[in-house]
Amino acid sequence: MIFQAGCLFLSLVGGIIGLPLDAEQDTSPYFDYPQRRIYNGDEAGLVPHMVALVISEYTKTFLCGASLITKRHVLTAAHCVHGLKKNGALMESARGIVGTNYWNKGGTQYTFSSNIPHPEWNSKTKKSDIGILITSQPVTLNEYVQIVTLNFNFIGGNVPVVVNGWGRLQKDANNPSPSLQELQTYTIDSSSCASRIANPLNAATIFDPNRDICTFSDKNSGVYFGDSGSPVILQNTRQQIAVVSRVFKSPTSRYPDLYVRVSAYKDWILQIIRL
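Heads up: the sequence shown runs through residues -18 to -1, 1 to 257, numbered per mature numbering (1 follows the signal peptide of the UniProt record, and there is no 0).
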């Protein structure tokens, strides 16, 4: 089954409310957002485009991963953007941390002036799970902080990619990983992805090949709690092709991990960053 990236944070600010749907359209019993960890990954090296989204009040609380796509714009999952709201407003304590592999120490913190989930995002169907945060001031670039290039091409199967994220180091752990993790994996083609999720679910309600892309790893690795909002990067060009969105509710299941294609949202992304 699939888990939700905001679980740790949602315990603090309440659940996400979606539009009412018919039972066959509601995928929440099967999928959720992966907000704690890359399961059985490796320690990451320098990943200068990574952003850790945290709530920084009396102590820091980790929420999601994200990527820096301009000096003012951070790309993540819509449910992560939604999770930074409290009573309908952007939380003043929301922070984006750059320039470090450790979400709870080092780096530079930035506040946000706006949080923009995609207008078609819905927490029940998990569709259009992409969002953008706008920093209050431009992010300073250096060796450890860089903008990632977005690749708007349609990516097929058997393409090597890298996913980074913070999260659970063990299946039964309660806390995110203090250090950034890395998973090297491959995309799978749309028909293979649909067939792998078709047995327990109606694949058409979960997977849209024009908007989603899948990876499939061996049974002991994959994205998991803590990885929501993190970028999916082409190994050869280091360009971002997707955003971590959904995983089944077991890191050792034989089901694929699902991501939102940035190519499907090119016009919306460019519209936001040009405002």
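For every residue, glycine included, the Cβ atom is placed at its ideal position computed from N, Cα and C.
Check                                                                                                                                                                            : Outcome
For Ser118, tell me which candidate among Glu74, Gly139, Lys248, Val130 has the shortest Cα-Cα distance.                                                                         : Glu74
Of the choices Pro30, Lys106, Arg178, Asn133, whose alpha-carbon is the least far from that of Ala224?                                                                           : Asn133
Rounded to a whole number of angstroms, what is the C-alpha to C-alpha distance between Val80 and Pro99?                                                                         : 21 angstroms
Identify the continuous alpha helix (DSSP H) that holds Ala26 and give its terminal residues.                                                                                    : Taken as a continuous stretch (DSSP letters only), Ala26 belongs to no alpha helix (DSSP H), as it is neither H nor E.
Starting from Leu252, trace the beta strand (DSSP E) in both directions and tell me its first and last residue.                                                                  : Segment 248 to 255 is the alpha helix (DSSP H) holding Leu252; no beta strand (DSSP E) there.
For Leu123, write down the residues that DSSP places opposite it in a beta bridge.                                                                                               : Partner(s): none; Leu123 has no beta bridge.
With a floor of 4 residues, list each alpha helix (DSSP H) that falls wholly inside the stretch 23 to 99, ordered by position along the chain.                                   : 60 to 65
When the distance is taken between beta carbons, is Gly27 closer than 8 angstroms to Val63?                                                                                      : no
Suppose contacts are defined by Cβ-Cβ distances below 8 angstroms. Is Ile51 in contact with Ile179 by that definition?                                                           : no
Closest by CA to Thr82, which one among Glu39, Gly47, Tyr126?                                                                                                                    : Tyr126
Quick one: what's got a C-beta closer than 8 angstroms to Val244's C-beta in the same chain, skipping five residues either side?                                                 : Leu57, Ile112, Leu132, Asn133, Phe134, Gln222, Ile223, Ala224, Val225, Ile251
Looking at the structure shown, is Arg178 part of a helix, part of a strand, or coil, going by DSSP?                                                                             : helix
Can you find a heavy atom of the ligand ATP that lies under 7 angstroms from the Cβ of Ser105?                                                                                   : As far as ligands go, the structure on display features none, and thus does not contain the ligand ATP.
Determine the DSSP secondary structure at Ser105, reduced to helix, strand or coil.                                                                                              : coil
Can you list, in chain order, the residues of its chain with a C-beta nearer than 6 angstroms to that of His31? Leave out the 5 residues immediately preceding and following it. : Ser49, Leu50, Gln128, Val130
Given a cut-off of 8 angstroms on the beta-carbon distance, is the pair Gly208 and Ala59 in contact?                                                                             : no
Quick check: the stretch 137 to 152 against the stretch 89 to 98, are there 3 or more CB pairs under 8 angstroms?                                                                : no
With DSSP as the reference, label Ser110 as helix, strand or coil.                                                                                                               : coil
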